[in-house]
Amino acid sequence: MEHIVIIGNGIAGITAARHIRKLSSKRITVISAETDYFFSRTALMYVYMGHMKFEHTQPYENWFWKKNKIDLKKAYVTQVHTETKKISLESGEQMTYDKLILATGSVSNKFGWPGQDLNGVQGLITKKDLELLEINAPDNKVCKRAVLIGGGLIGVELAEMLHTRNIPVTFLVREKAFWSSVLPFPEASMISNHLLSHHIDLRHEEELDEIIGDSHGNVKAVRTKKGEIIACDLVGLSAGVRPQIKFLEGSGIDTDRGILVNRYLQTNIPDVYAIGDCAQQREPVGERKSVEAVWYTGRMMGETLAQTICDQPTLWNPGHWFNSAKFMDIEYQTYGWVWNSPKEGNAHYHWQDQKNNRAVTVEYNLHERTFIGINTFNMRMRHEVFDKWLDDQQSVDYVIENLQQACFNPEFYKKPFHEIQSDFLKQKSAI
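Add 4 to a position in the sequence shown, counting from 1, and you land on the number used in the numbering used here.
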């Protein structure tokens, strides 16, 4: 019986395992050193915040894996021997595979800062990171202040988590407004103001220069590029992530930033594939990045690859870009492409309700008036509606006029939709 080995039990690896099982009776082994069972990584913050227990983050009962004949092995992989189709485990054991799927995820970025390996410096990606945070920042007596580095989504999560335990947070962001490298400036400013309203000490246009330790190897302060020294007990790394691929050195598998794959998610080595955060497209699809550390992308890659593994070769075709996130009390969704500044030939229409932290930005082509993408804040929208509008290349005028159709609960948003339509028509007539 063909043996499929999957390294990594995150959303990409587990989705691949589940769909391979649906399509075949192949032997499946999932290896992970992190946890015994798959859990929802995006829910880690809610465990720290006391909203749920860790076991509540596991979507499947423990018996699910045996019933579905998916073998789970808790172990750390140290080396992949592609010439013999074997993998070495830290215990000294070796395992043979027929096909290998690498779904090893990512780790926090470090940029060679002095002191970056001190006790009290950490990210928030793994269960171990969550356990470490309970040690480093159980309350505001042990952790009198935290400093977060980098204005990404992990940073927002850490800020909210620490805030719930009354731990003061200083947030160093190099942009003029939060996540303005991704969001249009009005939206980024809204998020900055929201964080400030929650008493987060947000420092714009500020970067880390050095992490300072005490005589015991613990964090005691950071020095910023402007020379300010900020006393702290925790430094949270949120300046992005990078693929976890170091263990592949000497394997013969081509890597760059991540594990290089083609449109079938195959590496340069026969019968070896990569999916999720660790995969890097040799030829990115459309405007997509070559590496996408996004939950949805990992899930979709796992489902796609399962088809190929089960003798139905399927090209990776991610469709229209979409994502969602939460900035403390502000929910964010995006469909299609909205750049922080409109692409050449495009324009932005922006509407904002400052009182309720609601906002909409639509990117569209100026000449043809084609709808390109939309960002929404605190207005829950329907993915399938925007997907169809993007497929149909609907006009921006049609999208604005019918925006209420895309809303999950339009009864709550009648007034905003009327305001958006009226404001859009005013701006259109003024052009």
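All C-beta atoms, glycine included, are put in the ideal place defined by N, C-alpha and C.
With DSSP collapsed to three states, give me the class of residue i.
i	result
Lys132	helix
Cys282	helix
Pro519	Shown here, the chain extends from 5 to 435; a query on residue 519 therefore has no answer.
Phe251	helix
Trp69	helix
Trp341	coil
Val298	coil
Arg45	helix
Gln425	helix
Ile137	In the sequence under discussion, the amino acid at residue 137 is Leu, which differs from the Ile named in the question. Correct three-state label for Leu137: helix.
Gln83	strand
Asn197	helix
Ser36	strand
Leu238	strand
Leu122	coil
Gln1	Because the chain here runs from 5 to 435, residue 1 falls outside it and cannot be looked at.
Ala243	coil
Leu264	strand
Ala181	coil
Could you check where the alpha helix (DSSP H) with residue i kicks off and where it finishes?
i	result
Leu104	Here Leu104 belongs to no alpha helix (DSSP H); instead the beta strand (DSSP E) covers Lys103 to Leu106.
Ile204	Neither: Ile204 is in no alpha helix (DSSP H) and is coded neither H nor E.
Phe390	His387 to Asp395
Val160	Leu157 to Thr168
Ala150	Note, Ala150: premise wrong, no alpha helix (DSSP H); beta strand (DSSP E) at Ala150 to Ile153.
Lys64	The sequence shown places Tyr at residue 64, not Lys. That residue, Tyr64, is in no alpha helix (DSSP H); it is neither H nor E in DSSP.
Gly17	Ile15 to Leu27
Tyr353	Counting along the chain, Tyr353 falls outside any alpha helix (DSSP H), though it belongs to the beta strand (DSSP E) covering Asn350 to Asp357.
Glu405	Val400 to Glu405
Could you check if residue i is buried or exposed, using at least 16 other CB atoms within 10 Å of its CB as the buried criterion?
i	result
Gly290	exposed
Ser242	buried
Leu200	exposed
Gly254	exposed
Leu166	buried
Asp237	buried
Tyr402	exposed
Trp67	exposed
Ile24	buried
Gly240	buried
Phe42	buried
Met385	buried
Glu210	buried
Ser184	buried
Met383	buried
Ile378	buried
Glu296	buried
Ser95	exposed
Glu164	buried
Lys230	exposed
Glu13	The identity of residue 13 in the sequence shown is Asn, whereas the question assumes Glu. Buried, since its Cβ has 16 or more Cβ neighbours within 10 Å.
Phe428	buried
Val146	exposed
Pro420	buried
In the DSSP assignment, find the beta strand (DSSP E) that holds residue i and state where it starts and stops.
i	result
Glu367	Arg362 to Asn369
Thr174	Val173 to Val177
Ile91	Lys90 to Leu93
Met53	Per DSSP, Met53 belongs to no beta strand (DSSP E) and is neither H nor E.
Ile216	Leu212 to Gly217
Thr380	Phe375 to Phe381
Ile74	Ile74 to Lys78
Thr259	Note, Thr259: premise wrong, no beta strand (DSSP E); not H, not E.
Phe326	Phe326 to Phe331
Met5	Run containing Met5: none; DSSP gives neither H nor E here.
Lys224	Val223 to Thr228
Thr100	Gln98 to Thr100
How close, in whole Å, do the beta carbons of residue i and residue j come, if the pair is a contact with beta carbons under 8 Å?
i	j	result
Arg292	Ala16	16 Å between Cβ atoms; not a contact.
Phe375	Val389	With 8 Å as the limit, Phe375 and Val389 do not qualify as a contact, their Cβ atoms being about 12 Å apart.
Lys30	Met5	7 Å
Gln356	Pro188	With a Cβ gap of about 11 Å, Gln356 and Pro188 do not count as contacting.
Asn266	Arg286	6 Å
Ser44	Gln248	No, Ser44 and Gln248 are not in contact; Cβ-Cβ is about 19 Å, not under 8 Å.
Arg169	Asn140	About 12 Å separates the two Cβ atoms, so there is no contact after all.
His371	Tyr339	Contact flag wrong, Cβ pair sits at about 22 Å.
Ile10	Lys77	With a Cβ gap of about 10 Å, Ile10 and Lys77 do not count as contacting.
Phe331	Tyr300	At roughly 18 Å, the Cβ-Cβ gap does not stay under 8 Å, so Phe331 and Tyr300 are not in contact.
How about residue i: is its C-beta nearer than 8 Å to some C-beta of chain D?
i	result
Lys359	No chain D is part of this structure, which consists of one protein chain only.
(Q) Three Cβ pairs or more, each shorter than 8 Å: is that satisfied between the segment 128-148 and the segment 50-59? (A) yes
Q. Looking at C-beta atoms only, is the number of pairs between the segment 257-274 and the segment 174-182 that lie closer than 8 Å three or more?
A. no
Q. Hey, is the segment 188-197 in contact with the segment 219-234, meaning 3+ C-beta pairs nearer than 8 Å?
A. no
Q: Evaluate the contact criterion for the segment 304-314 versus the segment 179-190: three or more CB pairs, one atom per stretch, below 8 Å.
A: no
Q | the segment 62-70 / the segment 79-89 touching (three or more Cβ pairs under 8 Å) | A | no
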